[in-house]
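A short worksheet on the structure shown next.
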Amino acid sequence: MRLLVVGTGGIGGYFGACFAVHGHDVTFLARGAHLAALRAHGLTVESAVAPARVAVKATDDPAEGGRPDAILMCTKLADLEAAARQIAPLSDGAMVVTLQNGVDAPSIVGRHVSAARIAPGVAHIAATIKAPGVIAHTGTMAKLRVGTVPGGPPVEEIDALVAAGRACGIDIERVDDVERTLWEKFVFLVALSGLTCLSRQPIGVVRDDPDLRATLLAAMTEVAAVGRARGVALPADFAERQLAFVDALPPQMRSSMLNDLAAGRRLEAPWLAGAVVRMAAEACVEAPVNRTVYAALKPYLDGARPA
Numbered sequence: 636m637r638l639l640v641v642g643t644g645g646i647g648g649y650f651g652a653c654f655a656v657h658g659h660d661v662t663f664l665a666r667g668a669h670l671a672a673l674r675a676h677g678l679t680v681e682s683a684v685a686p687a688r689v690a691v692k693a694t695d696d697p698a699e700g701g702r703p704d705a706i707l708m709c710t711k712l713a714d715l716e717a718a719a720r721q722i723a724p725l726s727d728g729a730m731v732v733t734l735q736n737g738v739d740a741p742s743i744v745g746r747h748v749s750a751a752r753i754a755p756g757v758a759h760i761a762a763t764i765k766a767p768g769v770i771a772h773t774g775t776m777a778k779l780r781v782g783t784v785p786g787g788p789p790v791e792e793i794d795a796l797v798a799a800g801r802a803c804g805i806d807i808e809r810v811d812d813v814e815r816t817l818w819e820k821f822v823f824l825v826a827l828s829g830l831t832c833l834s835r836q837p838i839g840v841v842r843d844d845p846d847l848r849a850t851l852l853a854a855m856t857e858v859a860a861v862g863r864a865r866g867v868a869l870p871a872d873f874a875e876r877q878l879a880f881v882d883a884l885p886p887q888m889r890s891s892m893l894n895d896l897a898a899g900r901r902l903e904a905p906w907l908a909g910a911v912v913r914m915a916a917e918a919c920v921e922a923p924v925n926r927t928v929y930a931a932l933k934p935y936l937d938g939a940r941p942a
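So for the sequence shown, my numbering puts the first residue at 636; every next one is plus one.
Written out as C-alpha cells, the structure reads:
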C-alpha cells in the first residue's frame with residue numbers, strides 16, 4: 636500500500652514507521668530540523684511495543700511521493716487547514732484519514748477535500764518527538780480506529796487499510812459509529828490535557844490528588860453532557876468509566892498539550908476545552924470547569940512562555 640503520512644510527530648511517526656518497517660511504500664511529510672534528520676538518519680521509534688529504526692522517504696512536498704492509496708493526516712490542529720490545502724490535489728484517488736485530537740478535524744479537512752474521500756479516525760497513543768528524527772512512545776497503548784460515514788469512502792477502502800495495518804501488528808479497527816468513538820476520546824482528552832497543563836504535572840499526580848481528581852472528573856462530566864446534548868449516545872456514567880481508564884494509565888504519562896506548553900509551542904486548547912465552551916454555549920449547557928481551564932490557558936495559545 637502506498638501511504639502519505641502528513642505530519643511526522645508522535646502519531647504519524649509511530650504508525651508510519653510500523654507500515655514502513657513491514658514494506659509499505661510510505662512517504663513522510665515533515666519540515667525543518669526534523670525533516671533534515673529523517674533524510675540523513677532515517678526514523679527512530681523508541682517504544683516498548685514497536686521499536687524501530689528505518690530509512691524513510693521524507694519530504695516537504697507531498698507530490699514527491701506519487702499518488703497515494705491513503706493519506707494519514709497527523710498534523711497538529713493548528714496546522715491542519717494548511718496541510719489539507721496542500722494535499723488536496725492528491726485526494727481525488729486517495730482516502731484521507733483524519734487522526735487529530737478533538738472532533739473538528741473532518742470538517743476542517745472538508746473545506747479542501749471532498750467529503751467522499753474523508754474517513755474520520757481516532758488515534759490512542761502517547762508519543763512525541765524526542766529529538767529530530769526520534770519518536771518516543773510512552774506506555775503500551777497504541778491503537779487506531781477508522782470510521783465509516785454516510786457518503787464517505789467505500790467500506791472496502793477502509794477495510795484494505797485496516798487489513799494492511801493489522802498485518803503490520805497495529806491494533807487497528809473499522810468502526811461504524813465513529814462520532815461516538817471521537818467523543819469517547821474527546822471526553823478523556825479534554826480533561827487530561829486541561830488538568831495536566833494547569834498543574835504542569837503528569838497524569839499520576841493529577842489523579843492522586845483529591846482536588847485535582849475531582850476537577851478532572853468534573854471536566855469529563857461537562858464534556859460528556861455537551862456530547863449528549865449534540866445527540867452523541869454517551870451513557871450517563873461515561874465520565875466515571877473514563878476516570879477508571881485514567882487510573883490504568885502510566886503515572887508518568889503527559890498530554891501532548893503539556894509537552895507543547897513546556898516547550899513554548901502553540902496549544903490545541905481552542906479545539907479542546909475551547910471547543911467545549913463553544914459547543915456548550917450553542918447547546919445551552921453549562922461548562923464552568925472547561926471555561927476556567929480555557930481561560931487560564933489563553934495567554935499561552937500562541938506559544939508564549941511564562942514570564
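Ideal Cβ placement from N, Cα and C applies to all residues, glycine included. Model, not experiment: these values are computed from the prediction.
Residue i, enclosing beta strand (DSSP E) - first and last residue
i: His-759; result: 753-766
i: Arg-637; result: 637-641
i: Ala-693; result: 692-694
i: Glu-808; result: 806-810
i: Val-732; result: 730-733
Residue j beta carbon less than 8 angstroms from that of residue i
i: Ala-743; j: Val-641; result: Reading off the sequence, residue 743 comes out as Ile, not Ala. Cβ atoms of Ile-743 and Val-641: not closer than 8 angstroms.
i: Val-881; j: Val-858; result: no
i: Thr-775; j: Val-684; result: yes
i: Ala-668; j: Gly-677; result: no
i: Leu-670; j: Cys-832; result: no
i: Ala-904; j: Met-888; result: no
i: Leu-725; j: Pro-741; result: no
i: Glu-681; j: Lys-765; result: yes
i: Gly-800; j: Ile-793; result: no
i: Arg-901; j: Asp-937; result: yes
i: Arg-815; j: Ala-868; result: yes
i: Val-924; j: Ala-874; result: no
i: Leu-779; j: Phe-650; result: yes
i: Trp-906; j: Leu-734; result: no
Residue i: first and last residue of the uninterrupted alpha helix (DSSP H) it sits in
i: Lys-820; result: 813-834
i: Glu-857; result: 845-864
i: Met-888; result: Where Met-888 is concerned, there is no enclosing alpha helix (DSSP H), given that its DSSP letter is neither H nor E.
i: His-669; result: 667-676
i: Leu-869; result: Here Leu-869 belongs to no alpha helix (DSSP H), and DSSP marks it neither H nor E.
i: Ala-799; result: 790-802
i: Leu-930; result: First, the residue type needs correcting, since residue 930 is Ala and not Leu in the sequence shown. From DSSP, the alpha helix (DSSP H) with Ala-930 extends over 923-932.
Backbone secondary structure at residue i - three-state DSSP
i: Met-708; result: strand
i: Thr-783; result: coil
i: Gly-647; result: helix
i: Ala-883; result: coil
i: Asp-739; result: coil
i: Val-661; result: strand
i: Val-684; result: coil
i: Gly-700; result: helix
i: Gly-899; result: coil
i: His-772; result: strand
i: Val-689; result: strand
i: Ala-718; result: helix
i: Ala-918; result: helix
i: Ala-939; result: coil
Contact test: residue i Cβ vs the ligand HEM heavy atom, cutoff 7 angstroms
i: Ala-723; result: Judged by which ligands are present, the structure shown has none, so any question about the ligand HEM falls away.
Cβ distance (whole Å) where residue i is taken to contact residue j below 8 angstroms
i: Leu-817; j: Val-757; result: 6 angstroms
i: Ala-762; j: Ala-771; result: 7 angstroms
i: Val-911; j: Ala-922; result: 5 angstroms
i: Ile-760; j: Gly-644; result: 11 angstroms between Cβ atoms; not a contact.
i: Lys-692; j: Val-661; result: 7 angstroms
i: Thr-679; j: Gly-768; result: 6 angstroms
i: Gly-782; j: Ala-754; result: 6 angstroms
i: Gly-829; j: Ala-879; result: At roughly 19 angstroms, the Cβ-Cβ gap does not stay under 8 angstroms, so Gly-829 and Ala-879 are not in contact.
i: Val-920; j: Val-861; result: 5 angstroms
i: Ala-717; j: Arg-752; result: About 18 angstroms; that fails the 8 angstroms criterion.
i: Ala-665; j: Asp-695; result: 7 angstroms
Exercise for the section: Flag this pair as touching only if the region 922-940 and the region 850-868 have three or more C-beta atom pairs under 8 angstroms; answer yes or no. Expected result: yes
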